Amino acid sequence: MEAPSITVKSVADGPQLKEIMKNAAEDGGNKLLVLEFMAPWSEPCKYMSKVLDGNPAGRGLAYDLRGYADFYALDITKFRQFAQRMTVEALPTFLLLTKGYTVLARVVGVDKEELRSSIMQEHRDKAAAGAGQEKI
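Per the working numbering, the very first residue in the sequence shown carries number 4; after that it's consecutive.
Here is the structure:
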């Protein structure tokens, strides 16, 4: 059996991040945008990378939640100013955004279940809010 592809995309630079945010806003907020602020030398970040991406023996959390969220990793050394603006004080920090700009939730640390439940809660909240709206 072939291993699933890595589902957390690394963001290389500011222009790429702007494009991702713009596309998320234009998408209408159908999926959450999960930004992982990380550092390659951080042991907790290495652990969460394995949790999110999985390994040949199994699928990761990002793969399991691919229908609900798009995952992006931002190396803190490349995105220091953006991290400060977003008040990132510990690694890893996950920001859950909608329509590219609105921060709905923040998960700090290596709690896989907290991250999963935060994503699912935001998905349920969005579905409940949309249930009362008339479709055109």
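Each residue gets a CB set at the ideal place from its N, CA and C atoms; glycine is no exception. It should be emphasised that the depicted structure is a prediction, and the values quoted were computed from it without experimental measurement.
Classification of residue i by the beta-carbon crowding that lies within 10 angstroms, buried from 16 upward
| i | result |
| --- | --- |
| residue 95 | buried |
| residue 130 | exposed |
| residue 138 | With a pLDDT of 36 at residue 138, under the threshold of 50, the predicted position of this residue should be treated as unreliable, though the coordinate-derived value follows. Residue 138 is exposed by the Cβ-count criterion. |
| residue 135 | Residue confidence for residue 135 is low, a pLDDT of 48 falling below 50, so the modelled location carries little weight and cannot support an answer. |
| residue 16 | exposed |
| residue 65 | buried |
Test: residue i CB closer than 8 angstroms to a CB of chain B
| i | result |
| --- | --- |
| residue 102 | Among the protein chains of the structure shown there is no chain B, as only one such chain exists. |
Three-state secondary structure assigned by DSSP to residue i
| i | result |
| --- | --- |
| residue 82 | coil |
| residue 66 | helix |
| residue 91 | coil |
| residue 132 | helix |
Close-in-space but distant-in-sequence residues of the same chain around residue i (CB under 6 angstroms, 5 per side omitted)
| i | result |
| --- | --- |
| residue 71 | 122 and 126 |
| residue 68 | 122 |
| residue 30 | none |
7 angstroms Cβ shell around residue i - same chain, five flanking residues per side excluded
| i | result |
| --- | --- |
| residue 13 | 76 |
| residue 34 | 71, 72 and 73 |
Beta-carbon proximity list for residue i, same chain, < 8 angstroms, skipping 5 on both sides
| i | result |
| --- | --- |
| residue 40 | 77, 79, 82, 86, 89, 91, 94, 95, 96, 97 and 98 |
| residue 113 | 47, 50, 51, 54 and 95 |
| residue 45 | 94 and 95 |
Residue interval of the beta strand (DSSP E) (run including residue i)
| i | result |
| --- | --- |
| residue 27 | Per DSSP, residue 27 belongs to no beta strand (DSSP E); it is in the alpha helix (DSSP H), 17 to 29. |
| residue 13 | 11 to 13 |
| residue 42 | Premise fails: residue 42 is in no beta strand (DSSP E) and is neither H nor E. |
| residue 113 | No beta strand (DSSP E) holds residue 113; DSSP gives it neither H nor E. |
Minimum C-alpha distance to residue i - residue among the options
| i | options | result |
| --- | --- | --- |
| residue 36 | 108, 120 and 112 | 108 |
| residue 48 | 115, 66, 106 and 132 | 115 |
| residue 106 | 24, 19 and 18 | 24 |
| residue 101 | 128, 43 and 18 | 128 |
| residue 110 | 38, 43 and 42 | 38 |
Element boundaries [alpha helix (DSSP H), containing residue i]
| i | result |
| --- | --- |
| residue 54 | 46 to 56 |
Any non-hydrogen atom of the ligand NAP closer than 7 angstroms to residue i Cβ
| i | result |
| --- | --- |
| residue 74 | Ligands in the displayed structure: none, and consequently the ligand NAP is not present. |
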